[in-house]
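**Student:** Residue numbers (our numbering), protein chains in the order written: chain A, 100 to 382; chain B, 100 to 382.
Below you'll find the structure I mean.
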DNA sequence: ACTAAATGTAGTAAAATTACAACTTGTGCC
DNA sequence: GGCACAAGTTGTAATTTTACTACATTTAGT
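Below, the structure is given as structure tokens:
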């Protein structure tokens, strides 16, 4: 693991001279990595072999290897660990923590995505007569985002926030329709019911939700994201980001499947937006 | 900077032998940092001084220094490079690329966030009489998400998708109201107008947008996210994720500022949702 | 006062760097 | 178009620096 932390922890187990070395390194690690073993020995007021032994005690192959480890520790600490926000965090601290744990969650999500299901769902979406995106609460904004994306594809796409509208929409489903349901927990009753209604009307139901949840069991296909539950502040944060990224993946798969001509069409949609914008200087 | 990227970029400027060295290092950087100059020279089929010259060309003091830099690059969590989706990518490939470039963008965003402004905006939000979140198109779903978050805080919070509703809402603003406007480009005309209207009515306008854009100039405070423009598929993807994460940061700052009692209140809101859910087995 | 652990000294091996020589590549001139 | 020359590139060998090993000495604990 992180060698700097390791030094701090093992400090008690060090011998007298080794402690001197540890002190010098911890005081100025940046200098340490740019010093030779002789310089560091002089700075710590110990002999060169002592420094070498110090390095070995930390499970490194020797001094150069130790410097490598130290350099890595200094680079960025341990990258992207899920660190929880603490009550006394400064703005800088909680900002970094949130960004980092979001990245950590994305990494976990990336590893848990079943590519085969992604591929199958992209298949379905490209062939769908109508695509619906439904979610409730926090997941509603994810569905909303999906609407934005797929709307540009010039595909019949539907999104409702209202439960009743969602139900009615599903009642009118038929073969060839795809209903994408988004829920972090997969335990929201009304969404499970909607899955049932949609399936009864021959629609294919895709769930972006937790594996083996009640909702997952009602779906034709499940894209599960094993994002660590974020207990902080009692709000699902990272899960939403992972869902959104998955939507991006689906949208990208969609465009790739549709081929070149289709992407030209997309560009036209984008150009249409120009009129509503202030031009960039120099464009 | 990151030495790995540097190697990739300078590749054209390298001489024939230096290219060989670059290739070997890029192919397996992990091996490179644990090799001596002699080993690496042999692997690249060049002489030792060539390797040394290669290191110097990259502005390092020599081979050991180069290894240090390389080690840091590898530790830096820069496996997440912004890689663009290619037409012939397999589902596995584009899935990974999208997740990775999203993470890369978050990292860039994290570094570009101005913590002082975050702190100031959190201040404003905690003292606001009314908070509005407005965005259009893709940014609408971000505003939607913000609504979800702040709604739980039991604060008067407003969100509209409709431009006219947004305008009317801003007309009714008064001192102590905070209007948060979200736009990736910051060039959407109607949103710039809304910023003007809100300010005319004494509201504080916070922009989550690109620095120095027309929108940014109309805002009281700007939270700019320097996310690399993603030209892929002509859709802003990563920028949205960065905006959402920033909303998470603001929401977290909000709850931290409000203190303990407030968080207990949040827990109650969460418990209220229980009734609408299927219980987890064993709860 | 003896033993075992800790530290240092001096020598050795390895690694990196320098200086210089050989080769390659491109350019101007006849 | 070929030849000579210069600039740049690469390699060889010697030198210097750096890290490591073996052994001697010191220190601390029983």
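Ideal Cβ positions, reconstructed from N, Cα and C, are used throughout, including at glycine.
Owing to the predicted nature of the structure, the values given are computational and were not obtained by experimental measurement.
1. Taking Cβ positions only, does residue 234 of chain B come closer than 8 Å to chain A?
2. Do residue 220 of chain A and residue 355 of chain A have their CB atoms nearer than 8 Å?
3. Nearest chain B C-beta to residue 171 of chain A closer than 8 Å, yes or no?
4. When you check each C-beta in the region 255-280 of chain A against every C-beta of chain B, which residues fall closer than 8 Å?
5. Which residue spans inside the region 247-276 of chain A form an unbroken beta strand (DSSP E) run of at least 3?
6. Please list the terminal residues of the continuous beta strand (DSSP E) segment that includes residue 118 of chain A.
7. Looking at the strands, I want to know which residues DSSP matches up with residue 161 of chain B.
8. Would you call the region 301-319 of chain B in contact with the region 277-285 of chain B, where contact means no fewer than 3 C-beta pairs closer than 8 Å?
9. How would you label residue 342 of chain A, buried or exposed, when you count the other beta carbons within 10 angstroms and need 16 or more for buried?
10. Could you list the residues in the region 194-210 of chain A with a C-beta less than 8 Å from some C-beta on chain B, going in chain order?
11. Rounded to the nearest angstrom, what separates residue 151 of chain A and residue 116 of chain A at their Cα positions?
12. Shorter than 8 Å from the beta carbon of residue 348 of chain B to some beta carbon of chain A?
13. Is any beta-carbon of chain A found at less than 8 Å from that of residue 237 of chain B?
14. Who are the neighbours of residue 240 of chain B on chain A, taking C-beta pairs under 7 Å?
15. Where does residue 236 of chain B fall in DSSP's three states?
16. Are the beta-carbon atoms of residue 230 of chain B and residue 249 of chain B separated by less than 8 Å?
17. Please decide whether residue 343 of chain A counts as near chain B, where near means a Cβ-Cβ distance under 8 Å.
18. Verify the CB distance criterion: does residue 161 of chain B have a CB-CB separation below 8 Å to chain A?
19. Please check if any C-beta of chain B sits within less than 8 Å of the C-beta of residue 214 of chain A.
20. Between residue 172 of chain A and residue 101 of chain A, is the Cβ-Cβ spacing less than 8 Å?
21. In the DSSP output, what is residue 307 of chain A paired with across the bridge?
22. Counting only Cβ pairs nearer than 8 Å, list the residues of chain A close to residue 304 of chain B.
23. As a quick exercise: from A/168, A/114, A/299, A/322, pick the residue whose alpha carbon is nearest that of residue 103 of chain A.
24. Looking at the C-beta of residue 136 of chain B, does it have a partner C-beta in chain A at a distance below 8 Å?
25. Does chain B have any CB closer than 8 Å to the CB of residue 190 of chain A?
26. Helix, strand or coil for residue 230 of chain B per DSSP?
27. Which residues in the same chain have their Cβ closer than 6 Å to the Cβ of residue 269 of chain B, if we skip the five residues on either side of it in sequence?
28. What's the C-alpha gap between residue 166 of chain A and residue 199 of chain B?
29. Closest by CA to residue 303 of chain A, which one among A/228, A/211, A/119?
30. Determine the burial state of residue 245 of chain B: buried for a count of at least 16 other Cβ atoms within 10 Å of its Cβ, exposed for fewer.
31. Inspect the beta-carbon positions of residue 216 of chain A and residue 324 of chain A and report whether they are closer than 8 Å.
32. Pairs of beta-carbons, one from the region 184-195 of chain A and one from the region 149-163 of chain A, closer than 8 Å: are there three or more?
33. Could you check if residue 171 of chain A belongs to the surroundings of the ligand GDP, using beta carbon to heavy atom distance under 7 Å?
34. Throw me the rounded Cβ distance for the residue 235 of chain B and residue 290 of chain B pair, which I believe falls under 8 Å.
35. Identify the contact partners of residue 166 of chain A in chain B, using a Cβ-Cβ distance below 9 Å as the criterion.
**Tutor:** In brief:
1. Contact with chain A is absent for residue 234 of chain B, since none of that chain's Cβ atoms lies less than 8 Å from the residue's Cβ.
2. The Cβ-Cβ distance between residue 220 of chain A and residue 355 of chain A does not fall below 8 Å.
3. Residue 171 of chain A counts as touching chain B.
4. Of all residues in the region 255-280 of chain A, none has a C-beta nearer than 8 Å to a C-beta of chain B.
5. Counting whole runs of 3 or more residues, the region 247-276 of chain A contains the beta strand (DSSP E) stretches 256-259.
6. Element bounds for residue 118 of chain A: not the beta strand (DSSP E) but the alpha helix (DSSP H), 115-126.
7. Paired residue(s): none; residue 161 of chain B is not in a bridge.
8. Enough Cβ pairs lie closer than 8 Å, so yes.
9. By the beta-carbon neighbour count (other beta carbons within 10 angstroms, threshold 16), residue 342 of chain A is buried.
10. Considering only beta carbons, the part of the region 194-210 of chain A lying closer than 8 Å to chain B consists of 194, 195, 197, 198, 199, 201, 202, 205, 206, 208, 209, in chain order.
11. Taking the straight line joining both Cα atoms gives about 12 Å.
12. At least one beta carbon of chain A lies nearer than 8 Å to the beta carbon of residue 348 of chain B.
13. Output row for residue 237 of chain B: interface = yes.
14. Those are 240, 243, 244, 247, listed as they occur along chain A.
15. Three-state DSSP puts residue 236 of chain B in coil, outside helix and strand.
16. In contact: residue 230 of chain B and residue 249 of chain B (Cβ atoms closer than 8 Å).
17. Nearest CB-CB separation between residue 343 of chain A and chain B: below the 8 Å threshold.
18. Not an interface residue.
19. Interface residue, yes.
20. For residue 172 of chain A and residue 101 of chain A, yes; Cβs fall inside 8 Å.
21. For residue 307 of chain A, which the question treats as bridged, DSSP gives the partners A/281, A/322.
22. One finds nothing in chain A with a Cβ atom closer than 8 Å to the Cβ of residue 304 of chain B; even the nearest lies about 17 Å away.
23. Comparing Cα positions, the closest option is A/168.
24. Not one chain A Cβ lies under 8 Å of residue 136 of chain B.
25. Judged by the 8 Å Cβ criterion, residue 190 of chain A is in contact with chain B.
26. Residue 230 of chain B falls in the strand class under three-state DSSP.
27. Closer than 6 Å at the Cβ level, and outside the excluded window around residue 269 of chain B, lie 293, 296, 297.
28. Roughly 29 Å separates the two Cα atoms.
29. When each option's Cα is compared against that of residue 303 of chain A, the closest is A/228.
30. Around the C-beta of residue 245 of chain B, 16 or more other C-beta atoms lie within 10 Å, and the residue is accordingly described as buried.
31. One thing to note: residue 216 of chain A has its Cβ no nearer than 8 Å to the Cβ of residue 324 of chain A.
32. Judged by Cβ distances under 8 Å, the region 184-195 of chain A makes no contact with the region 149-163 of chain A, as fewer than three pairs qualify.
33. For the ligand GDP, the structure offers nothing, since it holds no ligand at all.
34. A Cβ-Cβ distance of about 6 Å is found for the pair residue 235 of chain B and residue 290 of chain B, placing them in contact under the 8 Å criterion.
35. The contacting residues are 163, 166, 167, 170.
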